[in-house]
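Numbering (the UniProt record's numbering), first residue to last: 1 to 331.
Beneath this line is the structure, given in structure tokens, with notes to follow.
Below is the structure:
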């Protein structure tokens with residue numbers, strides 16, 4: 001009887017699979033091309049670690065002001081020896097030797113606790129990283145570790161390294177507000193004032209700047225290509241669609257030429273986020289839904305308005321031959 005039951009269960013499973021396949025085939029009818037999934041979490045590994053880009057975006061996250069201006073937002077802990085810490089460390093980090101070992105539960109006031117060592121090797125069970133991580137976990141805390149450690153940060157994000165900086169000036173430096181990394185070494189999304197910050201533009205080696213608004217920021221240095229898109233909050237219909245397509249083409253051409261593109265809006269959450277999603281949809285051949293959640297994972301404050309989501313839906317239809325994503329599910 002068991003065998004019969006097993007066969008019945010297998011048949012039911014095959015029937016369900018066939019239904020899913022038929023539904024998938026039905027869904028794919030009319031598509032010009034099949035969309036490619038886009039996963040914002042692919043840089044995160046199984047050991048509760050975050051990539052340098054994810055760390056950067058958490059560090060510089062915010063809305064009207066950087067979250068780092070709140071001293072209880074993030075505690076960054078350097079688990080290397082004290083001399084290495086004093087020689088150089090990531091901005092705003094504290095040496096693990098200053099942790100209140102007798103009252104670790106007091107650290108639960110922090111929204112995020114992030115650890116790093118020299119090279120991010122947390123496989124060694126005898127490492128100081130593993131020891132500190134275990135201590136914090138035993139205190140019911142939830143620390144993350146930076147993949148690649150300070151070595152990787154120094155290579156990919158050198159402006160986040162402090163060398164023998166006094167405490168107060170270093171914290172002020174840490175509170176400089178950088179745009180969010182969307183595509184590593186290729187595309188960033190930020191706020192209007194970041195486009196006139198020479199330090200940010202030079203540190204990121206920006207070659208192309210797209211400003212969504214009626215007037216753009218002055219060029220911070222010669223040799224950078226700047227596009228100002230006359231895209232007001234009230235723009236709609238075909239005019240909005242044309243503005244989106246023109247700016248998307250500009251960004252894609254820059255990316256194809258190995259440029260480094262910074263997209264800016266007033267707060268970097270609506271119009272500029274809409275453009276960023278459109279660029280991802282075309283560059284990565286992904287759906288509106290995947291692009292939306294990808295950008296939102298990297299910059300949580302983004303929220304395109306309903307008219308902008310509708311124009312992205314139209315853009316998706318043009319890319320793939322039919323509407324795939326539900327705008328209502330994204331608002």
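Note that the Cβ used here is the ideal one computed from N, Cα and C, for glycine as well.
- Residue 263 and residue 252 have their C-alpha atoms roughly 12 Å apart.
- Contact between residue 204 and residue 195 is absent: CB atoms are separated by about 11 Å, not below the 8 Å threshold.
- With contacts defined by Cβ atoms closer than 8 Å, residue 185 and residue 260 form a contacting pair.
- Two segments are said to touch when three or more pairs of C-beta atoms, one from each, lie closer than 8 Å; by this definition the stretch 145-157 does not touch the stretch 230-238.
- Straight across, the Cα-Cα distance linking residue 85 with residue 72 is about 22 Å.
- In terms of Cβ geometry, residue 59 and residue 38 do not form a close pair [threshold 8 Å].
- Residues of the same chain with a CB within less than 7 Å of the CB of residue 148, apart from the 5 flanking positions on each side, are 52, 119, 120 in chain order.
- The C-alpha of residue 222 is placed about 46 Å away from the C-alpha of residue 97.
- If only uninterrupted alpha helix (DSSP H) runs of at least 4 residues are considered, those enclosed by the stretch 53-124 are 82-87.
- A buried status is given to residue 49, since no fewer than 16 other beta-carbon atoms sit within 10 Å of its beta-carbon.
- A straight-line Cα-Cα distance of about 29 Å links residue 87 and residue 206.
- At the C-beta level, residue 327 and residue 301 stay beyond 8 Å of one another.
- In this structure the stretch 63-72 does not touch the stretch 313-325; the number of beta carbon pairs closer than 8 Å is below three.
- Annotated three-state conformation of residue 131 is helix, per DSSP.
- Membership of residue 277 in the alpha helix (DSSP H) is indicated by the continuous run 271-284.
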